[in-house]
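What follows is a short report on a single structure.
Chains as they are written, first to last, in full-length UniProt numbering: chain B, 1 to 411; chain Y, 1 to 411.
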C-alpha cells in the first residue's frame, strides 16, 4: 500500500461531469489499496473571472485582497469533489491551505512556502479518509490567506508529497506527459518515459507549460518522484525524477521554442568599465528579468550591448534604457520584437561534445541566422528570427534523433 | 464620533456598479467622522449558483462540505469592496468570519454563534482601518468553516455590533424600512419610524423577510439598536429598538400575511388522554414545526384535531399522520392547502383590550370565515381561506388606522 498525492488542474475539474471523473479515479486508487491525497486547482476560467471582477473594481487591486478573492476558486472545487466522493461512499474531507498547514511568507500573490505541517492530513489518512486539499493557497504569520502564484497548485501537491514522504506525486493535466517538443509544432514529437529534474526545470523555464518551475525545484530538493499524466485518458505518463545512467546515454532530450522575448540593443556605448553594471543594475531594480546578453567587440572605444527581456516588460524596459542611454552617452536604442529562442536540452550534453557545433550547422544549413547564443551545462539556446522558429525546431528534432520511430497512434 | 456597523445584503452588492455605490456610502460615513465596520453578504444569486453545483454533484451533499462551498461567496464580495475602498484611498481590509473570531458550534449550515472575539476588528479600528467582514460564516472548535443559515449575515452584523458595543447596526437592504404591511399587498402601507424588538420578531417569524429572526433575538438580548434602511436611496429607515412609551400608544403596529402553512385535520380521534402528546411528539421528532393547533369539543368520545405545518413539510407530515391515525384508531385524515394566516402585531395590545373582538368583527363583515385562531401577548393570528388574504390584510390595515394619511410619494 503506497501513498499517492494526486493533483488535478483547472481543466480536469472544469465542470461537474469532469469532477465526477476525478472522483472515479480517486475511488479506483482507493480500491487498489492506495492512500490518496488529492490537491485541486480552481475550475478553469474561474481565476480569470475573479481577476476580471477585481480589475473592474479598481485599476491596481491590493494584493492581500486579491489573495482573499482568488483563494475562493479552489475552495469551491474541493468542497464539490469531497461531497461527490462522500456521495459515492468514499470517506473524504476537504481542507483549505490553512487547515493543512501550508505556511508561507507574506509576499501576497506570489508567496513562498516556509513550512508544511500537514497535521490534519496525517490524522485524516490514519482514519482512512481521503483529504481533498485546496491548491495554490497558504497562510502567513498574521493568519491571512496567501497564494503561491500561477501554477501554484503543482507546488502545493509537491510540497505535501515531500512533507508526507509520499511514494509518488501525480500531476493530472490535459496532456499525457512531457514531450521531446511541443507536438503542435513538431508532429513527430515523442512522449518521454522519464526526464530528470534538471531537464524539466530547463523545459519549464523555457516555456514548456507542463509543470510550474518552483514545483520542480521543490521536487528536486526533496527527491519527490513526480509523474505527469493525463486526466482524460488512461496510460503511461512521464516520470520526473533523479538523473540516472539511462538518461545520460541520450545526447538531447528535448527541443523547446519561446516567442516571449524581445531584443533591445544599445548602440554606440562608450566602452568604459562599469557601464554594463549600471545598465543591468537599473533593469534588475525595475524587476525586469534579463535572459540573454551579448556585447560586441569594441571598435574605436565604442560597443553595442544587446539583451532580451520578456515581451510584457518591453515597454517598461525601453523607457528605462532610453533614459540610461542618454546618461551614459550612447548613440541610440534599437528594439527587435520578431525574435524567438530555440533551445536543446539534455543532461547527455555533459558527456557528449559537439552538440553546439551540430546545432549551429543544422540551423545554418536551413539558412537560419543566429543572433545570440547562450549555453549552460545541459542546454544550448539560440535567438533567431521568429519566422524560422517552427522550421528550426522541426529540423533540430530530426537531426538529434528525437523523431518518433513508429507512426503516431490515431486519436 | 460613533461606531457604526453597516451590513449590505446580496442585492446591494449584486454587481460591480453596486459595490461602487456601497464604497461611496462607506467613504461618506468615514468622512463624517464615524468609525465603520462593514459586513457583506454574497452577491445575489451566488449562493443559489453554488447550491445548484452541489446538487449536481450528489443528491444529499455533506453539510460540512456545503459550508466550505457556500462560505466562498462572501469572501469574494469582501475582497472586492476592500480593494475598491483602498483604490479610493480609504484604508480598508477584508476579514473572514474566522479572522474576526466568530466562533460557533458545529451544526453545519445552521451553526449558532458561541463567542465573538473581534480582536482583529478592534486592532484595525484603532488604526483607522475599515474592517470589511464576511457575513454568514464562522468557525467551529475544529477550525472548520461553518455557516449561520439563510440571512445569517444579519446575525454577523448584530453580533459584531454587540461585541464592539457599536452605537448602531444599520442593515442596508432593498427596502427602506419596516412597513405596517407588505406594500405589494396593501398599497396604503406606511413605513414605521420605530418598532420594538418583540414586534419585529413577530413580523420576522410571520414572514416579513426584512430581518432574520435570530439576529433580532440577538439584538434584543444585547440591546443593539438596529436600523433597517435602503442601500438604493437616501432617507430615513426604521429603527428596531427597546419598547418605549411611544410605541404603547399605538394599538396595532402591523399586519402580516403568510401563505406558507397548510392544515391537517385528523378526523374522529378517540378522546383519550395522551393522544395529542403522541401525535405532536411524533411530528416534532420528524423536525416538523407545528404552528397552530385546535381540538374540537368532544362528541360521543370522539374529537377532531387540526394543526398547521409549513407547506414544504406537508407531504412528510401527512405520511406520518396517516400512520399515526391508524395506530390511534382515528377515522380519517384531511388536508387543506389553500389556507393563509393573517396577523395583527403590536405591543400596544397589552394595554388595549378589544383588539381580537374588533379583528373578528372586521373579518366577518367582509364575509371571511375564521378557521383557527391563536393569540400571544402582542399578536393575534387567524387562519382563513387563502383567497381572502389580500382583502383581509387591506381591510384590517384600514380598520386599525394604519393607512398612510398623505398620498404616497412618487417613485
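Glycine is no exception: its CB is placed at the ideal position from the N, C-alpha and C atoms.
Remember, it's a predicted structure, so these values are computed and weren't measured experimentally.
Requested in this report: Run through the stretch 93-179 of chain Y for me and flag every whole alpha helix (DSSP H) of 4 or more residues, listed as ranges in chain order.
Outcome: Complete alpha helix (DSSP H) runs here, min 4: 119-126 and 152-164.
Query raised in the report: Near residue 55(B), what residues of its chain come up, given a Cβ to Cβ distance below 6 Å and the 5 sequence neighbours on each side ignored?
Result: Taking the first residue of the first chain as position 1, residue 55(B) is located at position 55. Shown here for residue 55(B): not one same chain residue has a beta carbon closer than 6 Å to its own, the five before and five after excluded.
**Report entry** Host beta strand (DSSP E) of residue 275(B) (start-end)
**Finding:** Stepping through the first chain from its first residue, residue 275(B) is reached at position 275. Note, residue 275(B): premise wrong, no beta strand (DSSP E); alpha helix (DSSP H) at 275-285.
Query raised in the report: Between residue 260(B) and the rest of its own chain, which residues show a CB-CB distance below 6 Å, the 5 nearest in sequence each way excluded?
Result: Within the first chain, numbered from 1, the residue matching residue 260(B) stands at position 260. Cβ contact annotation for residue 260(B) (same chain, cutoff 6 Å, sequence separation greater than five): 310 and 311, in chain order.
Query raised in the report: From residue 25(B) to residue 38(B), what distance separates their C-alpha atoms?
Result: As a position in the first chain, residue 25(B) is number 25, starting the count at 1. As a position in the first chain, residue 38(B) is number 38, starting the count at 1. So the two alpha carbons sit approximately 11 Å from each other.
Query raised in the report: Three-state secondary structure (DSSP) at residue 302(Y)?
Result: In the second chain, counting from the first residue as 1, residue 302(Y) sits at position 302. If DSSP states are grouped into helix, strand and coil, residue 302(Y) belongs with the strands.
Query raised in the report: Between residue 390(B) and residue 262(B), what straight-line distance do the alpha-carbon atoms span, to the nearest angstrom?
Result: In the first chain, residue 390(B) corresponds to position 390, counting from 1. In the first chain, residue 262(B) corresponds to position 262, counting from 1. If you take the alpha carbons of residue 390(B) and residue 262(B), they lie about 18 Å apart.
Query - Residues in the stretch 131-151 of chain B having any Cβ partner in chain Y nearer than 7 Å - result: For the stretch 131-151 of chain B, which is checked against every Cβ of chain Y, the residues closer than 7 Å are 143.
Requested in this report: Show which residues of chain Y have a CB atom less than 7 Å away from the CB atom of residue 94(B).
Outcome: Taking the first chain and counting its residues from 1, the one referred to as residue 94(B) is at position 94. Under the 7 Å cutoff, chain Y gives 65 and 68.
Report task. Return the residues of the stretch 288-305 of chain Y that lie within a Cβ-Cβ distance of less than 9 Å from chain B, sorted by chain order. Result -> Within the stretch 288-305 of chain Y, no residue qualifies.
Query raised in the report: Cβ atoms of residue 288(B) and residue 330(B): under 8 Å apart, would you say?
Result: Here residue 330(B) corresponds to residue number 330 of the first chain, with the count starting at 1. Here residue 288(B) corresponds to residue number 288 of the first chain, with the count starting at 1. Cβ atoms of residue 330(B) and residue 288(B): not closer than 8 Å.
Query raised in the report: Between residue 23(Y) and residue 66(Y), is the Cβ-Cβ spacing less than 8 Å?
Result: Indexing the second chain from 1 puts residue 23(Y) at position 23. Indexing the second chain from 1 puts residue 66(Y) at position 66. A distance of 8 Å or more separates the beta carbons of residue 23(Y) and residue 66(Y).
**Report entry** Neighbour list for residue 99(B) in chain Y, Cβ cutoff strictly below 8 Å
**Finding:** Counting from one through the first chain, the residue named residue 99(B) turns up at place 99. Within chain Y, the residues near residue 99(B) are 143 and 144.
Report task. Leaving aside the five residues before and after residue 268(Y) along the sequence, list all residues of the same chain whose C-beta is less than 6 Å from its C-beta, in chain order. Result -> Numbered from its first residue, the second chain carries residue 268(Y) at position 268. Excluding positions up to five away in sequence, the list reads 302, 330 and 331.
Query - Rounded separation between residue 410(Y) and residue 180(Y) - CA only - result: For the purposes of this step, residue 410(Y) is identified with residue 410 of the second chain, where counting begins at 1. For the purposes of this step, residue 180(Y) is identified with residue 180 of the second chain, where counting begins at 1. Legend: pLDDT at residue 410(Y) = 48, less than 50; position of this residue unreliable, no value from coordinates given.
Requested in this report: Report yes if the CB atom of residue 155(Y) is closer than 8 Å to the CB atom of residue 121(Y), and no otherwise.
Outcome: Here residue 155(Y) refers to the residue found at position 155 when the second chain is read from its first residue. Here residue 121(Y) refers to the residue found at position 121 when the second chain is read from its first residue. No, the Cβ-Cβ distance between residue 155(Y) and residue 121(Y) is not below 8 Å.
Requested in this report: Take residue 251(Y) and list the residues in its own chain whose beta-carbon comes closer than 8 Å to its own, dropping the five residues that flank it on each side.
Outcome: If you number the second chain from 1, residue 251(Y) lands on position 251. Answer for residue 251(Y): 346, 348, 349, 352, 355, 400 and 401, listed in chain order.
Requested in this report: Answer yes or no: do residue 149(B) and residue 40(B) have a C-beta to C-beta separation smaller than 8 Å?
Outcome: If you number the first chain from 1, residue 149(B) lands on position 149. If you number the first chain from 1, residue 40(B) lands on position 40. Contact flag unset, no.
Query raised in the report: Just checking, does the stretch 156-174 of chain Y make contact with the stretch 228-246 of chain Y on the three C-beta pairs under 8 Å criterion?
Result: As far as the Cβ criterion goes, the stretch 156-174 of chain Y touches the stretch 228-246 of chain Y, which means the pair count is three or higher.
Report task. State buried or exposed for residue 164(Y), treating a residue as buried only when at least 16 other CB atoms are found within 10 Å of its CB. Result -> Translated into positions along the second chain, residue 164(Y) becomes position 164. Taking every protein chain shown into account, the CB of residue 164(Y) has 16 or more other CB atoms within 10 angstroms, so this residue is buried.
Query raised in the report: Which residue or residues does DSSP assign as beta-bridge partners of residue 258(Y)?
Result: As a first step, residue 258(Y) must be located in the second chain, where it is residue number 258. According to DSSP, which records beta bridges pairwise, residue 258(Y) is partnered with 341(Y).
Query raised in the report: In chain B, which residues lie less than 8 Å from residue 84(Y) when you measure between Cβ atoms?
Result: As a first step, residue 84(Y) is located in the second chain; it is residue number 84 there, counting from the start. Within chain B, the residues 57 and 58 have their CB atoms less than 8 Å from the CB of residue 84(Y), given in chain order.
Report task. Taking residue 121(Y) as the query, report the chain B residues whose CB atoms sit under 9 Å from its CB, ordered along the chain. Result -> For the purposes of this step, residue 121(Y) is taken as the residue at position 121 of the second chain. What residue 121(Y) touches in chain B, judged by beta-carbon distance under 9 Å, is nothing: the nearest beta carbon there is about 14 Å away.
Requested in this report: Can you tell me which of the three DSSP states residue 181(Y) falls into?
Outcome: Start at 1 with the first residue of the second chain, and residue 181(Y) comes out as number 181. Residue state, collapsed to three classes: coil.
Query - Within chain B, the residues that residue 53(Y) reaches when beta carbons sit closer than 8 Å - result: What you label residue 53(Y) is simply residue 53 of the second chain in a count that begins at 1. Those within 8 Å of residue 53(Y) in chain B are 16, 76 and 80.
Query raised in the report: Roughly how many angstroms lie between the CA atoms of residue 298(B) and residue 257(B), to the nearest whole one?
Result: Taking the first chain and counting its residues from 1, the one referred to as residue 298(B) is at position 298. Taking the first chain and counting its residues from 1, the one referred to as residue 257(B) is at position 257. The straight-line gap from Cα to Cα measures roughly 31 Å.
Report task. Give a yes or no on whether 8 Å exceeds the smallest Cβ distance from residue 399(B) to chain Y. Result -> Taking the first residue of the first chain as position 1, residue 399(B) is located at position 399. Not closer than 8 Å to any Cβ of chain Y, the Cβ of residue 399(B) fails to qualify, so no.
Requested in this report: Using DSSP bridges, identify the partner residues of residue 307(B).
Outcome: Residue numbering aside, residue 307(B) sits at position 307 when the first chain is read from its first letter. Residue 307(B) is bridged by DSSP to 264(B) and 293(B).
Query raised in the report: Applying the criterion that 16 or more other CB atoms from any shown protein chain within 10 Å of the CB defines a buried residue, is residue 202(Y) buried or exposed?
Result: By 1-based counting over the second chain, the position of residue 202(Y) is 202. So residue 202(Y) ends up on the buried side.
Report task. Give a yes or no on whether the minimum CB-CB distance between residue 62(B) and chain Y is below 8 Å. Result -> Mapped onto the first chain, residue 62(B) falls at position 62. For residue 62(B), the nearest beta carbon of chain Y is closer than 8 Å to its own beta carbon.
Query - Three-state secondary structure (DSSP) of residue 272(Y) - result: Reading the second chain from its first residue, position 272 is the one you call residue 272(Y). Coil, per DSSP.
Query raised in the report: To the nearest angstrom, how far is it from the Cα of residue 12(Y) to the Cα of residue 73(Y)?
Result: On the second chain, residue 12(Y) is found 12 positions in, with the first residue counted as 1. On the second chain, residue 73(Y) is found 73 positions in, with the first residue counted as 1. Cα to Cα, residue 12(Y) sits roughly 14 Å from residue 73(Y).
Report task. Please determine, among 337(Y), 382(Y) and 46(Y), the residue with the shortest C-alpha to C-alpha distance to residue 358(Y). Result -> Taking the first residue of the second chain as position 1, residue 358(Y) is located at position 358. Closest by C-alpha distance to residue 358(Y), out of 337(Y), 382(Y) and 46(Y), is 382(Y).
Query raised in the report: Under a CB-based cut-off of 8 Å, is residue 464(B) close to chain Y?
Result: Examination of residue 464(B) is not possible in this model, given that chain B is present from 1 through 411 alone.
Query raised in the report: Which bits of chain B does residue 72(Y) rub up against, with CB to CB less than 7 Å?
Result: Your numbering for residue 72(Y) matches position 72 in the second chain. By Cβ distance, chain B contributes 72, 75 and 76.
Requested in this report: Please confirm whether residue 404(Y) and residue 190(Y) have their CB atoms less than 8 Å apart.
Outcome: Position 404 of the second chain holds residue 404(Y). Position 190 of the second chain holds residue 190(Y). For the pair residue 404(Y) and residue 190(Y), the CB atoms are nearer than the 8 Å cut-off.
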